[in-house]
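A.B. asks: Oh and the sequence shown: position 152 is 177 in the working numbering, straight run, nothing missing.
Here a beta-carbon is modelled for each residue, glycine too, at the ideal position from N, C-alpha and C.
Just passing along the structure, written as structure tokens.
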Amino acid sequence: MIRLFVALSLPEALCDELSMMCGGIPGARWVPEENYHLTLRFIGEVPGWQAQEVDDALAGIRAPGFDLTLRGVGTFGKSGRISALWVGVEKTEPLVFLQSKVETALQRGGLEPERKRFAPHVTLARTDRAAPEKAIAFVQAHNLFRAAPVPVDGFTLYSSRLGKEQAVYEREVEYGLLDPKPAAAIRA
Ligand code: ATP
Ligand code: MG
């Protein structure tokens, strides 16, 4: 069995910028910079033959590239507990288009539909062992964060091996996107 997810990787300069925000919360488990990603679809554990079908399905996707903008920070958790800190992502039309293409492709490849609504984010830390007040203070301190837009020209099928400390992700396959749609053509 192999644990898979589909995600966008982020340029190194952007990862550097994100990692500079991190720190200052006792008990938080910060995601190592090389692990930053934006999950489009979590697949989970599948047998090898199904991984092959997933790859075939993803390889058939035709979608345009686009610019991605990260902004704001937020939390996941419930009933007073905060389990994760993340940086938000502008939920633009081409990002949602790609995510829905991935979803339909995977369903055609035999996976059960994802029931959770797509909430694009980049996880910075797991905070289930940290004081919630510290996580809230982090959000307040960084809420105005906004990164320069970065071009996205592909997406990645990652494998994940869960470890004691951090999961080890491997980029298994990269899939290209089409040339971005030109902005409204300027006619003389
Ligand atoms: P760990 O589970 O040890 O904390 P991780 O969450 O980084 O490590 P995975 O569980 O393999 O590693 O998850 C890979 C990616 O998929 C992460 O972005 C994670 O948030 C996301 N993910 C994991 N499980 C789900 C799920 N059930 N639904 C949606 N996304 C998920
Ligand atoms: Mg997980």
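At a cut-off of 7 Å, would you count P192 as near the ligand ATP, judging by its Cβ distance to the nearest heavy atom?
C.D. replies: Numbered from 1 along the sequence shown, position 167 holds the residue referred to as residue 192. The sequence shown places Ala at residue 192, not Pro. Answer for A192: yes, Cβ within range of the ligand ATP.
A.B. asks: Could you tell me the alpha carbon to alpha carbon distance between P36 and P157, rounded to whole angstroms?
C.D. replies: Here residue 36 refers to the residue found at position 11 of the sequence shown. Here residue 157 refers to the residue found at position 132 of the sequence shown. The alpha-carbon atoms of P36 and P157 are separated by roughly 30 Å.
A.B. asks: Comparing alpha-carbon positions, which option in W111, K103 and G85 lies nearest R96?
C.D. replies: To locate residue 96, count along the sequence shown from 1; it is residue 71. Ranking W111, K103 and G85 by Cα distance to R96 puts W111 first.
A.B. asks: What number of angstroms, rounded off, separates the C-alpha of E145 from the C-alpha of Q75?
C.D. replies: Here residue 145 refers to the residue found at position 120 when the sequence shown is read from its first residue. Here residue 75 refers to the residue found at position 50 when the sequence shown is read from its first residue. Note that residue 145 is Pro in the sequence shown, not Glu. Going from the Cα of P145 to the Cα of Q75 covers about 25 Å.
A.B. asks: Nearest to G69 by alpha carbon, out of L63, Y200, V31 and C47?
C.D. replies: Stepping through the sequence shown from its first residue, residue 69 is reached at position 44. Answer by Cα proximity: V31.
A.B. asks: Looking at L93: is its Cβ nearer than 8 Å to the Cβ of V114?
C.D. replies: In the sequence shown, counting from the first residue as 1, residue 93 sits at position 68. In the sequence shown, counting from the first residue as 1, residue 114 sits at position 89. Yes.
A.B. asks: DSSP three-state label for S34, please.
C.D. replies: Along the sequence shown, one-based indexing puts residue 34 at 9. Coil, per DSSP.
A.B. asks: At a threshold of 7 Å, does K141 count as lining the ligand ATP (C-beta to nearest heavy atom)?
C.D. replies: As a first step, residue 141 is located in the sequence shown; it is residue number 116 there, counting from the start. It does: the Cβ of K141 is within 7 Å (strictly closer) of some heavy atom of the ligand ATP.
A.B. asks: Please identify the residue among D178, A88 and K189 whose C-alpha is closest to the C-alpha of V121.
C.D. replies: As a first step, residue 121 is located in the sequence shown; it is residue number 96 there, counting from the start. Ranking D178, A88 and K189 by Cα distance to V121 puts A88 first.
A.B. asks: Quick one: residues in its chain with C-beta nearer than 6 Å to the C-beta of D178, no 5 flanking neighbours on either side, listed in chain order?
C.D. replies: Numbered from its first residue, the sequence shown carries residue 178 at position 153. The residues are G90 and L202.
A.B. asks: Please list, in chain order, all residues of the same chain as G48 whose beta carbon is under 8 Å from its beta carbon, the five residues on each side excluded.
C.D. replies: Here residue 48 corresponds to residue number 23 of the sequence shown, with the count starting at 1. The answer, listed in chain order, is W55.
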